[in-house]
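For the sequence shown, the residue numbers in my numbering are 437 to 1001.
Below is one structure, written out as structure tokens; comments come after it.
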Amino acid sequence: MHRYKFVEILLAFLFFSLLTFIITYPALLSLNTKIIGDAGDNFQFIGFQYLGNKLFTEGNFPFGWTNNWRYPDGINFQNATDSGIFILLGIFLYPLLINPLTVYNVSILILVCLNLFLTYIAFRTVFSGLIAYTGAVIYGLSFYTLARIGGHPNLILHAGFPLFFISLYLITKEKGSVKSFTIFTLGIVILTVSSLQYPLLLLGSIIFLTPLTYLFFPAKIKEFISVLIAKKSQFILSIIVFSVVTLLLYGHKISLFFSGGVTLPDYKFISIPLVDYFIPNSYIVSLPFIAGNHSKSWIEYAVFLGYVELLLLGAALVYIKKNTGKLFLILGFLIIFILSLGKQPFLAFIWPYQYLIDIFPFRGIIEPGRFFVIFYFFLTLIVMIYLSKFKNHVLLFVILAALLIEKVPTNTHIANVPSDEPFLNSVKFSESNAVLDLPIFTEWWNGHLYDLYYIYHQKPIVNGYIHWSGDKYDPKSLIEELKEYRCHPFPAHNYDEELSHFRKDRSIRLLNYYNIRTLVYHKKLAKEGDCHFVDQYLQTLINSHEDFITLYEDSYTRVLWLKKR
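Laid out in structure tokens, this is it:
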């Protein structure tokens, strides 16, 4: 590598590192004591990293079987999470940082920086340095990305999309150069290790973009296929690398998919209000939030396109000369944008996603708003092509500055972590093979707290979140045997006293059999509306004085120990 090129790349990395610290301010001041995020899914991912590292340090495959969660039945850890890179970052950082909060926070900072840097690398292959910086800020720090920092760390790193799409262009242009196939391989690997949602989104978009490309550039499609045939060894090597990485991280889940063992989500999908694309949702914590809209504050609704970006897009549509390439990019943007809208309330019958949800890969995408990462790539390309016509570098710097100012944080999501709850010591030093948290939550709804507590009491848990795709129903599992004590999903909608006492006796026999003696009753969670009649079943169980001793109790929590029989 030429020295000049190395210095350019190093400076870019340093710039994006500094930008990461600024964008996430004041997170740097509390890396060891708080977490970057909204205290939702973050707790699950802290648990994921801890469990992956525990398996690794014990000499086990970090993506293999464990009964630390869903004790005693256990899980294949590949089924629990869809983000391999986040677990690998945890395994790398734990020996250096030790503190679970620090490991999590530094992982977030690394992913934000990588997303910017790799996006820059992709754009730099076809644009000048200043334009590539601008494109990296637009795409790599989109408001979608900024929102994912708050609660979806598996979706932060989406630089694989520009790497992938630009590699297709380079493979054709450079006749299958080593560089083009390297970028191609990097793109598909990054997409897969970030989140399994991203390969699905890519497949869903390719279904529409392939015929569109053939319509506009039939000769280029044929040329691309010819290059793949001529350079088949390089193409096969790329696929081998991709396959090895994918099978290591998700091999068990893939085998389940082909055997029909993957759990599919409900047919209901989330449609984002149109206003959230053009006026920022209040979940967004950057300057545009000052003029936010009044729709529900939610991470999934944080898909704002950006005021500066919309102005630049409008100017590009007006001033870029009409040509085939411009029309192709506009149509690509519009097609995927329409997909992302799901089903809007006006003219409800015209929105295509409602007719696609039964079909693979759309069947696995219940948040079509996440197609943002693809249509926004088209938006970014249109803007970059427009800016590349500018001769005035001062104006380009002003535009870049405006884009950066727009991202300035006003209220970064920083959350306290309940790591020092008084009850945790009682649990940690109790004599029990595992801990049963009550009420039972097996999904993201409140169950994330149990994943977090697991880190601090360090005992296997009967609960434990598993990503919906890997949470296979098993009527013989202990979780199902205790279903009357489960709030989400499928809580009890009626109370049967005879059944309640029958379940109490059976549950105590099961807990004795598995030597699960420590129960933690979370009072506030049990009183929530989603629990319905669950608390009545719980009271029958835990108020059996001949069976339980109370080890600790306060207004929020009660720790019980099951007497040995």
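Glycine included, each C-beta is placed from N, C-alpha and C at the ideal position.
Next on the checklist: Let me check understanding here. Comparing Cα to Cα, which of Thr469, Val834, Ile458 and Thr460 lies closest to Ile534?
Outcome noted: The option with the nearest alpha carbon to Ile534 is Thr469.
Checklist entry - Going by C-alpha distance, which of Gly697, Ile607 and Asn847 is nearest Glu659? => result Ile607
Item to check | Selected residue, minimal CA-CA separation from Glu879, among Phe769, Ser564, Ile915 and Leu775 | outcome: Ile915
Checklist entry - Taking the alpha carbon of Lys611 as the point to measure from, which residue in Tyr569, Ile657 and Thr993 has its own alpha carbon closest? => result The option with the nearest alpha carbon to Lys611 is Ile657.
Item to check | Candidates Ile557, Arg584, Lys827 and Tyr580: closest to Gly571 by CA position | outcome: Ile557
Checklist entry - Is the closest heavy atom of the ligand ZN to the C-beta of Gly750 under 8 angstroms? => result With respect to small molecules bound, the structure shown includes none, and the ligand ZN cannot be examined in it.
Checklist entry - For Thr986, is the classification buried or exposed, using 16 other Cβ atoms within 10 angstroms of its Cβ as the cut-off for buried? => result Answer is exposed; the Cβ neighbour count stays below 16.
Checklist entry - Under the rule that 16 or more other beta-carbon atoms within 10 Å means buried, what is Gly1082, buried or exposed? => result Because the chain here runs from 437 to 1001, residue 1082 falls outside it and cannot be looked at.
Checklist entry - Whole alpha helix (DSSP H) runs in the region 568-639 with 4 or more residues, listed along the chain? => result 579-587, 596-609 and 614-630
Item to check | Phe826, DSSP secondary structure in three states | outcome: Phe826: coil per DSSP, three-state reduction.
Checklist entry - Under the rule that 16 or more other beta-carbon atoms within 10 Å means buried, what is Leu532, buried or exposed? => result exposed
Checklist entry - Taking C-beta to C-beta, are Phe653 and Leu664 nearer than 9 angstroms? => result no
Checklist entry - Could you give the residue range of the alpha helix (DSSP H) that holds Asp477? => result First-last of the alpha helix (DSSP H) with Asp477: Asp477 to Thr493.
Checklist entry - Measuring CB to CB, does Leu741 end up less than 9 angstroms from Phe714? => result yes
Checklist entry - Given that a residue counts as buried once 16 or more other Cβ atoms are within 10 Å of its Cβ, and exposed if not, what is Asn496? => result exposed
Checklist entry - Asp941 by DSSP, collapsed to three states: which one? => result helix
Checklist entry - Who are the near neighbours of Phe492 in its chain, counting only those whose CB is closer than 7 angstroms to its CB and skipping five residues on each side? => result Pro498 and Ile527
Next on the checklist: Between the region 884-897 and the region 850-870, can you find at least three pairs of beta-carbon atoms closer than 8 angstroms?
Outcome noted: Look at the beta carbons and you see the region 850-870 touching the region 884-897: at least three pairs across the two are nearer than 8 angstroms.
Next on the checklist: Is the separation between the beta-carbon of Ile459 and that of Leu582 shorter than 9 angstroms?
Outcome noted: yes
Checklist entry - Quick one: is Phe694 buried, meaning 16 or more other Cβ sit within 10 Å of its Cβ, or exposed? => result exposed
Next on the checklist: Once DSSP output is grouped into helix, strand and coil, what is the label at Phe877?
Outcome noted: strand
Item to check | Whole-Å CB distance - Leu467 paired with Thr538, under 8 angstroms assumed | outcome: 5 angstroms
Checklist entry - In whole angstroms, what is the alpha-carbon distance linking Ile585 and Lys1000? => result For the pair Ile585 and Lys1000, the Cα-to-Cα distance works out to about 46 angstroms.
Checklist entry - Straight-line CA distance for Ser722 to Lys843? => result 5 angstroms
Checklist entry - Does the distance from the C-beta atom of Leu547 to that of Ile521 stay below 9 angstroms? => result Between Leu547 and Ile521, the C-beta spacing is below 9 angstroms.
Next on the checklist: At the level of alpha carbons, what is the spacing between Val956 and Pro536?
Outcome noted: 22 angstroms
Checklist entry - Can you tell me the Cα-Cα spacing of Glu933 and Asp509, whole angstroms? => result 29 angstroms
Checklist entry - So what does Leu955 bridge to, in DSSP terms? => result Leu872 and Leu996
Item to check | With 16 other Cβ atoms within 10 Å as the buried cut-off, status of Phe553 | outcome: buried
Checklist entry - Which residue or residues does DSSP assign as beta-bridge partners of Lys470? => result Asn852
Checklist entry - Pairing CB atoms from the region 745-760 with CB atoms from the region 808-825, are three or more of them under 8 angstroms? => result yes
Checklist entry - What distance in whole Å lies between the Cβ atoms of Ile802 and Lys919, which are believed to be in contact at a cut-off of 8 angstroms? => result Actually they do not touch by this definition, with Cβ atoms about 24 angstroms apart.
Checklist entry - Considering only C-alpha positions, which residue in the set Ile661, Ser707 and Ser519 is nearest to Asn631? => result As written in the sequence, residue 631 is Ser, which differs from the Asn given in the question. Among Ile661, Ser707 and Ser519, the Cα nearest to that of Ser631 belongs to Ser519.
Next on the checklist: In whole angstroms, give me the CA-to-CA distance for Val863 and Val871.
Outcome noted: 8 angstroms
Item to check | Own chain partners of Gly800 with C-beta closer than 6 angstroms, once the 5 adjacent residues on each side are dropped | outcome: Excluding its 5 nearest sequence neighbours in each direction, Gly800 has C-beta neighbours in its own chain below 6 angstroms: Leu636, listed in chain order.
Checklist entry - What is the DSSP secondary structure of His924, counted as helix, strand or coil? => result His924 falls in the strand class under three-state DSSP.
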